[in-house]
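>
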Amino acid sequence: MLRELDSGVLLRLLDLQAHDSAIKRLWDQRDTLPEKQRLGELRDNLAELEADIAIARQQSEDAARVQSRLEGEITLADEKIQRQEARLFAGSVSNPRELSSLQAEVAMLKRQRGASEDELLEAMVHRDTVDQTLGSLTAEQAQSASAAEELGVTVTRLTGDIESELASHTKQRDSVATAIPADLLDLYEKIRATKGGVGAAALKGSTCEGCHTQLPAKEAERIRAEGGLQRCDNCRRILVVV
Numbered sequence: 033m034l035r036e037l038d039s040g041v042l043l044r045l046l047d048l049q050a051h052d053s054a055i056k057r058l059w060d061q062r063d064t065l066p067e068k069q070r071l072g073e074l075r076d077n078l079a080e081l082e083a084d085i086a087i088a089r090q091q092s093e094d095a096a097r098v099q100s101r102l103e104g105e106i107t108l109a110d111e112k113i114q115r116q117e118a119r120l121f122a123g124s125v126s127n128p129r130e131l132s133s134l135q136a137e138v139a140m141l142k143r144q145r146g147a148s149e150d151e152l153l154e155a156m157v158h159r160d161t162v163d164q165t166l167g168s169l170t171a172e173q174a175q176s177a178s179a180a181e182e183l184g185v186t187v188t189r190l191t192g193d194i195e196s197e198l199a200s201h202t203k204q205r206d207s208v209a210t211a212i213p214a215d216l217l218d219l220y221e222k223i224r225a226t227k228g229g230v231g232a233a234a235l236k237g238s239t240c241e242g243c244h245t246q247l248p249a250k251e252a253e254r255i256r257a258e259g260g261l262q263r264c265d266n267c268r269r270i271l272v273v274v
């Protein structure tokens, strides 16, 4: 009968509760490590940087193609101007109309070359800006990747320490549980499931350590005198006299 439990069994139940509370605390600690949260933020930032770098790299390649095209156009224009001016200066064109047309063509080619040179200057400035952005993003990526790698080592170490503690408490918890009657263990687990992980609490003086309610003095005296299984009238957790 549960009412006839001796104090030794109940104290083991309190020991079991201590291990269960430690296990829950360690679970929470493992899942809410500030370093783990920071690592997640760094990895999210790295993903964003990777996307930004891909865009910047594409913009850099596009700018390089535009610059190359304009440089090619200017080179072709220079060659054509040189050829046409050579004809003018050679005096091989004597027809006034043809000469006027050739002069107009050279002037047009020079205007086109001037416009292309202006475009080239803008393209070079744009490419320089894009390349600076790409360089800045790449440097930031390298720095973040290094920080993430270092923090990953820290998270692994801290998680390993917590897992080691968890394994120790779990092993001790299992050992204690084997010494507790099955019906008492079952009741404890049911209460623990509905009371925030705490199924048994110490009665210190006249205070329930589970809900921190102070029992009437006569009630506390009765519990101490009767012994066996007792439960807090307020939180319904199993009370263990200490």
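Residue numbering for the sequence shown follows my numbering, starting at 33 and increasing by one per position.
All C-beta atoms in this analysis are idealised placements derived from N, C-alpha and C, irrespective of residue type, glycine included.
In this text the structure is predicted, and so the values were computed from the model without any measurement.
Apart from the five residues just before and just after T191, which ones in its own chain have a Cβ nearer than 8 Å to its Cβ?
Around T191: R62, L65 and K68.
> Excluding five sequence neighbours on each side, which residues of the same chain lie with their C-beta closer than 6 Å to the C-beta of D47?
Answer for D47: V208, listed in chain order.
> Alpha carbon to alpha carbon, how far is L81 from L108? Give it in angstroms, no decimals.
Roughly 40 Å separates the two Cα atoms.
> Determine whether the Cβ of H244 lies closer than 9 Å to any Cβ atom of chain B.
The structure shown has no chain B; it contains just one protein chain.
> Using the rule of at least 16 other Cβ atoms within 10 Å of the residue's Cβ for burial, across every protein chain shown, is G231 buried or exposed?
Its Cβ being crowded by 16 or more others within 10 Å, G231 is buried.
> As a quick exercise: from K203, D60, Q114 and L120, pick the residue whose alpha carbon is nearest that of S133.
Measuring from the Cα of S133, the nearest candidate turns out to be L120.
> If you compare alpha carbons, which of R101, R89 and V185 is closest to Q164?
Of R101, R89 and V185, the residue nearest in Cα terms is R89.
> From I113 to T161, what distance separates their C-alpha atoms?
In a straight line, the C-alpha of I113 is about 32 Å away from that of T161.
> Three-state secondary structure (DSSP) at I223?
Note: I223 maps to helix in three-state DSSP.
> On the criterion of 16 or more Cβ atoms from any shown chain inside 10 Å, does M33 qualify as buried, or is it exposed?
The predicted model places M33 with a pLDDT of 44, which falls under 50 and marks its position as unreliable; any figure quoted below should be read in that light. It counts as exposed.
> Name the residue from T186, S176 and I223 whose alpha carbon lies nearest to the alpha carbon of A79.
The shortest C-alpha separation from A79 is found at S176.
> Would you kindly report the start and end of the unbroken alpha helix (DSSP H) that includes I85?
Here the alpha helix (DSSP H) through I85 covers P66 to A122.
> What are the boundary residues of the beta strand (DSSP E) that V272 is part of?
That run of the beta strand (DSSP E) goes I270 to V273.
> Just reading off the beta strand (DSSP E) that L235 is part of, what are its end residues?
Taken as a continuous stretch (DSSP letters only), the beta strand (DSSP E) holding L235 covers A232 to K236.
> How many Å lie between G72 and T188 at the Cα?
C-alpha separation (whole angstroms): 13 Å.
> In the DSSP assignment, what residue or residues form a beta bridge with C240?
C240 is bridged to L235.
> Rounded to whole angstroms, what is the Cα-Cα separation between E40 and D60?
Per the sequence shown, the amino acid found at residue 40 is Gly instead of Glu. Roughly 30 Å separates the two Cα atoms.
> Rounding to the nearest angstrom, what Cα-Cα distance links R44 and T245 in this structure?
Roughly 23 Å separates the two Cα atoms.
> Measuring CA to CA, which of C243, A234, C240 and I223 is closest to V272?
Per the Cα distances, A234.
> Just to confirm the assignment, what range does the alpha helix (DSSP H) spanning T165 have?
T165 -> alpha helix (DSSP H) spans P128 to A209.
> Would you say V98 and A155 are within 9 Å of each other, going by their C-beta atoms?
Yes; because the gap between Cβ atoms is below 9 Å, this pair is in contact.
> Name, in chain order, the residues that DSSP records as bridge partners for R263.
Paired residue(s): I270.
> Taking C-beta to C-beta, are G242 and R205 nearer than 9 Å?
No, the Cβ-Cβ distance between G242 and R205 is not below 9 Å.
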